[in-house]
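Asks: So the protein lines, in turn, are chains A and B. Take the first sequence: its letter number 316 is residue 316 in UniProt numbering, and every next letter is one higher. Take the second sequence: its letter number 165 is residue 165 in UniProt numbering, and every next letter is one higher.
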Amino acid sequence: MQYLRRDKKDEEDGSQSNPFQNLDKSAVLQEARTFNETPINPRKCIHILTKILYVLNQGQHLGTTEATEAFFAMTKLFQSKDVMLRRMVYLAIKELANIAEDVIIVTSSLTKDMTGKEEMYRASAIRALCKITDNTMLQGIERYLKQAIVDKNASVSSASLVSALHLMKPNYDVVKRWVNEAQEAVSSDNTMVQYHALGLLYHVKKNDRLAVSKLIFKYTKQSLRSPYAVCMLIRIASKYLDEEPEVADSPVYDFLESCLRHKSEMVIYEAARALVNLKNLKSRDLCPAISVLQLFLSSPRPTLRFAAVRTLNKVAMTQPMSVTTCNLDLENLITDVNRSIATLAITTLLKTGNESSVDRLMKQISSFMSEISDEFKIVVVDAIRSLCLKFPRKHHVMMNFLSSMLRDEGGFDYKKAIVDTIITIIEENSEAKEAGLGHLCEFIEDCEHTVLATRILHLLGREGPRSQNPSKYIRFIYNRVILENAAVRAAAVTSLAKFGAHCDSLCSSILVLLSRCLLDTDDEVRDRATFYVNILKEKEKALSSGYILNGLQVSIVGLERALYAYVKDSTHTAPFDLKTVPLATTPMKDQVVKPGKTAIETPSAPTKASAPVAATRQDVYAEQLAAIPQFSKLGPLFRSSPKPAELTESETEYVVNCVKHVFNDHIVFQFDCTNTLNDQILENVKVEMEPSDSDFEVVCYVPRPSLPYNTPGTTYALIKLPQDASSVTCTFTNTLKFVVKDCDPSSGEPDEEGYEDEYVLEDIDVLVADHVQRVHKTNFLASWDEIGDECEMQDTYALTQMTSLEEAVKQIIEYLGMQPCERSDKVNTDKNSHALLLAGVFRGGHDVLVRARLAFDQGVTMNITVRSDDAVVSEVVLSAVG
Amino acid sequence: MGLFDKLAGWLGLKKKEMNVLCIGLDNSGKTSIINKLKPDKSQTQDIVPTVGFTVEKFMSQSLNFTVFDMSGQGRYRNLWEHYYKTAQAVIFVLDSSDRLRMVVAKEELDILLQHSEIAARRVPILFFANKMDCKEALSPVQCSQKMGLDAILNKPWHICASNALSGEGLTDGVDWLTDQIRLS
Ligand SMILES: Nc1nc2c(ncn2[C@@H]2O[C@H](COP(=O)(O)OP(=O)(O)OP(=O)(O)O)[C@@H](O)[C@H]2O)c(=O)[nH]1
Ligand SMILES: [Mg+2]
């Protein structure tokens with residue numbers, strides 16, 4: 001306290017605002033030697049400990065030796081009876097626990113403090129003790145912790161319950177023996193103890209659904225005093241209900257519903273939020289929860305209003321109709337002094353309201369756009385995006401609004417959100433295209449973000465040439481060439497070239513403009529200009545579509561690797577073959593499966609602009625496979641199946657997923673296995689495969705030497721594809737084979753002796769789509785003409801099971817595994833015929849194009865034409881739909 | 001230091017502080033001995049093997065003792081040395097009924113005596129030949145033979161038989177220690 005006061009004085013003097021600023025780590029550690037002196041000077045030692053904590057929290061790294069030395073010096077302070085000093089020591093122990101060695105030295109001292117008479121020590125000693133203990137030590141202090149859980153001092157009880165939660169991860173088998181004590185603590189009168197005890201109880205049982213249901217039933221009946229505990233119970237219950245098929249009939253649902261009438265507002269809100277977020281609830285059953293949130297909307301407390309409107313905003317995204325009842329109250333919040341609340345209210349209304357209210361709301365929101373933070377501006381932009389998809393006719397209001405937002409001040413994330421939205425609107429609604437492109441042109445006239453400028457220039461190059469009046473974009477693009485940095489100039493040059501390649505009438509003027517760039521100061525800009533000028537001068541459609549419109553469709557990471565290998569190999573007998581480079585696939589971040597709902601929500605951090613060349617999932621696989629000696633001679637990886645196939649039911653003893661990796665003449669099957677039995681270690685794990693077609697030959701297996709409990713491991717099988725190029729499909733029956741060794745679940749120590757066992761897995765099919773990689777052709781017709789009809793095949797099928805054109809289109813894309821071009825995957829719902837254009841590359845580097853004409857009349861009739869440079873390939877692809 | 005403490009110091013009223021390190025093999029009775037030396041009301045009934053160390057305090061007529069009671073288990077013995085530097089005296093407890101491990105105790109004593117923080121200093125060492133009540137207990141003379149105590153030339157040492165459960169022999173040892181401090 002004394003020195004706090006002194007700090008204050010320093011502050012007033014203005015001499016030094018933070019006494020700990022610029023602390024030198026080694027000087028502080030030097031000072032720590034003072035701890036060895038007797039008698040101990042508590043005030044001085046507290047000050048030094050504070051410095052150590054400060055240095056650690058500033059992120060400075062302490063080496064093991066220096067940390068250990070400081071730690072042991074600090075243990076001497078246990079001889080002082082000063083309460084403040086002792087409590088500082090606890091804090092420092094916790095901070096150093098993971099850095100210093102032999103920290104168990106303080107075990108007995110802490111045990112003594114936690115059971116001793118000094119109440120000020122007990123709770124903190126428990127927390128420190130749990131930080132330094134390990135599995136073997138824990139057994140020794142177990143009985144003290146069990147006693148502490150039921151201690152009548154609430155802070156002691158809470159400390160041990162929370163520590164138990166922390167200890168549970170590495171020591172589940174010990175902590176689960178404390179259930180009886182935890183149960184007793186749930187009946188405590190103290191609100192925090194009850195909350196923490198329920199938390200521990202749940203976490204011990206959470207993997208046992210039956211036990212969880214018992215827990216819910218027990219505590220829903222015996223009403224809990226602590227509102228925190230009730231909130232916890234609500235979360236447990238809603239998680240439980242999400243795995244239940246019939247929600248509304250469950251008594252657990254009744255509990256949630258009854259919580260809407262609880263006396264604590266916190267509980268009421270928690271229940272309402274849980275109810276509206278239930279996965280399997282019908283919209284009718286939302287009503288009671290919505291009404292409660294509606295009441296909160298007019299609460300005098302801003303937190304409650306904010307919570308309610310935020311939750312309703314989310315509901316409105318999926319179930320706008322359920323929220324319409326709140327429209328009046330939401331209207332009142334439009335002018336709320338808290339702009340965050342106002343923004344959420346308006347964007348909710350935009351989702352629930354009808355078309356006529358849009359103009360009014362947009363006007364309202366524009367009145368205070370300048371007052372809200374970027375984060376909430378993005379919420380507005382998102383609302384506009386969904387609004388445009390809902391009311392396509394309103395696009396001009398929205399477009400104007402978006403363009404004025406583009407002109408306003410704002411950070412990168414905000415501008416990016418706007419540009420993304422405009423692009424989405426353009427893609428979804430062809431009527432909005434001209435206006436949208438116009439706004440974007442205006443934006444790049446004064447845009448400080450290179451990433452956005454290049455992206456828009458790319459879009460202009462793709463969309464501009466097909467618009468009604470392509471020439472009007474040229475000026476905007478050429479201005480970039482004159483005024484901008486090198487990256488933007490290069491993008492502008494490429495964009496211009498696309499106009500030249502696409503529009504014959506503009507070609508000569510484009511050539512003039514590009515020639516002016518031949519003397520640019522930047523290499524990249526000059527190279528591009530030179531390249532395009534020479535291609536365009538040839539005046540040959542095939543050339544310009546192949547090298548300007550379509551561009552390279554290879555994986556950048558793969559290209560780098562292939563070039564590197566080529567340069568390293570000194571023979572250079574053959575020229576570099578672009579066919580050996582794996583094709584481009586979607587970047588990894590787009591493929592990541594969204595994780596399920598987590599127990600406690602965290603706001604997702606805004607994604608930063610990603611690295612220039614993101615390795616795709618397939619690039620990552622390619623690297624992993626290349627590292628395995630048996631696979632080093634297979635050539636470039638052609639295609640990895642996009643989603644792992646599950647070969648086991650969920651919640652079985654062993655979980656196995658399979659990914660297929662197709663190479664030029666081989667397939668590698670990658671089996672990701674998890675052993676969910678904690679009393680077994682599997683060894684020599686492999687999956688034996690039996691092909692239905694004996695031309696598919698098993699070359700070898702790469703077994704997994706050891707598969708301990710809950711640590712995923714991978715085993716591979718290598719299959720050689722048949723000589724006959726037309727035989728590409730096959731079904732494999734699979735068996736997981738391994739040696740089992742029983743082991744002690746707590747220590748993981750296995751028995752000496754094992755025995756062989758096996759486990760039957762689901763079948764795996766290899767389909768035509770596995771041999772095809774998606775490729776996008778910007779100008780499909782040009783490519784179609786270019787490839788010619790030499791190896792053309794066609795046929796007509798009646799697809800009787802299909803009930804709509806949309807469904808048929810989806811299925812065909814899936815069967816063939818090819819890329820829809822010219823947005824032909826979007827079916828116009830008014831029409832009953834459709835043309836689907838698909839492009840891909842077949843294993844071995846053969847270009848394949850497909851044109852399918854579909855007609856709907858009760859069933860779907862399809863006329864399909866396949867073109868490629870190889871007759872066998874055309875035949876195989878055609879057979880995929882048959 | 002408060003004014004009163006200072007005054008008390010001048011007048012010789014204030015007791016001298018004394019920092020003692022208590023070591024010895026596990027199960028020899030270190031914690032039990034220290035416990036018995038404490039005032040009756042702060043003694044505990046529940047003595048378990050020590051993990052690491054604990055700090056205890058007790059008084060004799062003229063001294064305040066602060067004792068670091070170390071754990072004697074094999075894997076913690078190498079941690080004793082962290083506390084050598086600050087020790088003004090050492091209590092080394094022997095389980096006189098554990099003939100088998102007397103050699104182990106001697107080994108630990110030798111390591112202590114050779115340690116750089118101890119070797120050159122005139123640190124008094126008090127040996128308790130504990131568990132004297134046990135039938136097969138060795139006498140202090142036998143213990144000191146087995147431990148080779150006669151070879152300790154540069155430090156004052158003393159051995160006495162003790163029973164930590166009854167307290168017998170403990171004051172004898174503490175009195176010797178008090179004398180040593182007063183002499184120094
Ligand atoms: N019969 C008898 N038993 C004793 C005597 N002193 C200690 N014990 C017992 O010996 C056992 C070990 O005593 P502790 O005091 O825990 O031994 P320690 O040296 O502290 O052991 P660590 O902390 O593991 O190093 C206990 O069961 C004591 O009751 C004694 O003088 N006579
Ligand atoms: Mg002990």
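Heads up, the beta-carbon is just placed ideally off N, CA and C, and yes, glycines get one too. Every value quoted in this text rests on a predicted model; they were computed, and no experiment measured them.
Assuming the contact rule is C-beta atoms closer than 8 Å, L514/A and A492/A should be a hit. Round their C-beta distance to whole Å, please.
Replies: That belief does not hold up - the Cβ atoms of L514/A and A492/A are roughly 10 Å apart, past 8 Å.
Asks: Could you check whether the stretch 753-769 of chain A touches the stretch 722-739 of chain A, counting it as contact only if at least three pairs of C-beta atoms, one from each stretch, sit closer than 8 Å?
Replies: yes
Asks: Using the beta-carbon count (16 or more within 10 Å), is S223/A buried or exposed?
Replies: S223/A is exposed by the Cβ-count criterion.
Asks: Anything in chain B within Cβ reach of D102/A, meaning under 7 Å, just list it in chain order.
Replies: L79
Asks: Spatial neighbours of L278/A within its chain, please: C-beta separation below 7 Å, excluding the five flanking residues on both sides.
Replies: S238, L241, D242 and V247
Asks: Can you name, in chain order, every residue of its own chain whose Cβ lies under 7 Å from the Cβ of S60/B, other than the five neighbours on each side?
Replies: A distance below 7 Å between beta-carbons, with the five flanking residues on each side excluded, links S60/B to the following residues of its chain, in chain order: V174 and T178.
Asks: Just the Cα atoms here: how many angstroms apart are F669/A and E688/A?
Replies: 11 Å
Asks: Drop a sphere of 10 angstroms on the beta-carbon of I236/A, count the other beta-carbons inside from all chains shown, and report buried for 16 or more, exposed for fewer.
Replies: Buried, by the Cβ-count rule.
Asks: For D665/A and E697/A, what's the separation of their Cα atoms in angstroms?
Replies: Going by the C-alpha atoms only, they are around 11 Å apart.
Asks: Taking the continuous alpha helix (DSSP H) assigned at H458/A, which residues delimit it?
Replies: T450 to E463
Asks: Using a 10 Å radius around the Cβ and a threshold of 16 neighbouring Cβ atoms, would you call R843/A buried or exposed?
Replies: buried
Asks: Between which two residues does the beta strand (DSSP E) harbouring H666/A extend?
Replies: H666 to N675
Asks: Taking the alpha-carbon positions, what's the V567/A to L406/A distance?
Replies: 47 Å
Asks: Mind checking if Y3/A is an interface residue toward chain B, Cβ cutoff 8 Å exclusive?
Replies: Residue confidence for Y3/A is low, a pLDDT of 47 falling below 50, so the modelled location carries little weight; the figure read from the coordinates is stated next. No, Y3/A lies away from the interface with chain B (no Cβ there is under 8 Å from its Cβ).
Asks: Quick check: V877/A and L799/A, are their CB atoms within less than 8 Å of each other?
Replies: no
Asks: How close, in whole Å, do the beta carbons of Q550/A and S783/A come, if the pair is a contact with beta carbons under 8 Å?
Replies: It is Asn, not Gln, that sits at residue 550/A in the sequence shown. A Cβ-Cβ separation of about 7 Å places N550/A in contact with S783/A under the 8 Å criterion.
Asks: Rounded C-beta distance between R385/A and T343/A? I'm assuming under 8 Å.
Replies: At roughly 15 Å, the Cβ-Cβ gap does not stay under 8 Å, so R385/A and T343/A are not in contact.
Asks: Under a three-way DSSP split, which group does L513/A fall into?
Replies: In the three-state reduction of the DSSP assignment, L513/A falls in the helix class, which pools H, G and I.
Asks: Check whether the Cβ of E17/B lies closer than 8 Å to any Cβ atom in chain A.
Replies: yes
Asks: So, is the C-beta of K30/B closer than 8 Å to a C-beta in chain A?
Replies: no
Asks: Between V55/A and the rest of its own chain, which residues show a CB-CB distance below 6 Å, the 5 nearest in sequence each way excluded?
Replies: Spatial neighbours of V55/A in its own chain (CB-CB distance under 6 Å, excluding positions within 5 residues in sequence) are listed in chain order as L23, K25 and V28.
Asks: Between the alpha carbons of V481/A and Y414/A, how many angstroms are there, rounded?
Replies: Those two C-alpha atoms are separated by around 26 Å.
Asks: Measuring alpha carbon to alpha carbon, tell me which residue in D408/A, T454/A, G464/A and K205/A is nearest K433/A.
Replies: Closest option to K433/A, Cα to Cα, is G464/A.
Asks: Cβ of P39/A less than 8 Å from any chain B Cβ?
Replies: yes
Asks: Bridge partners for P691/A per DSSP, in chain order?
Replies: F732/A
Asks: Give me the subset of the stretch 61-87 of chain A whose CB atoms are less than 7 Å from a CB atom of chain B, sorted by chain position.
Replies: F72, K76, F78 and Q79
Asks: I'd like to know whether the C-beta of H158/B is nearer than 8 Å to at least one C-beta of chain A.
Replies: no
Asks: So which residues on chain B does K112/A lean against when the C-beta distance must stay under 8 Å?
Replies: T54
Asks: Using a threshold of 7 Å, is the CB atom of L53/A nearer than that to any non-hydrogen atom of ligand 1?
Replies: no
Asks: S604/A CB to nearest chain B CB: under 8 Å?
Replies: With a pLDDT of 35 at S604/A, under the threshold of 50, the modelled position of this residue cannot be trusted, and the question is left open.
Asks: Can you find a CB in chain B that lies within less than 8 Å of the CB of G140/A?
Replies: yes
Asks: Chain A partners of K85/B, CB-CB under 8 Å?
Replies: N36
Asks: Tell whether a beta-carbon distance below 8 Å holds between V55/B and F65/B.
Replies: no
Asks: Do V659/A and C673/A have their C-beta atoms closer together than 8 Å?
Replies: no
Asks: Hey, out of C388/A, D113/A, V685/A and N779/A, whose CA is closest to S544/A's CA?
Replies: Distance from the Cα of S544/A is smallest, within the candidate group C388/A, D113/A, V685/A and N779/A, for N779/A.
Asks: Any beta carbon from chain B within less than 8 Å of S610/A's own beta carbon?
Replies: With a pLDDT of 38 at S610/A, under the threshold of 50, the predicted position of this residue should be treated as unreliable, though the coordinate-derived value follows. With 8 Å as the cut-off, S610/A does not count as an interface residue toward chain B.
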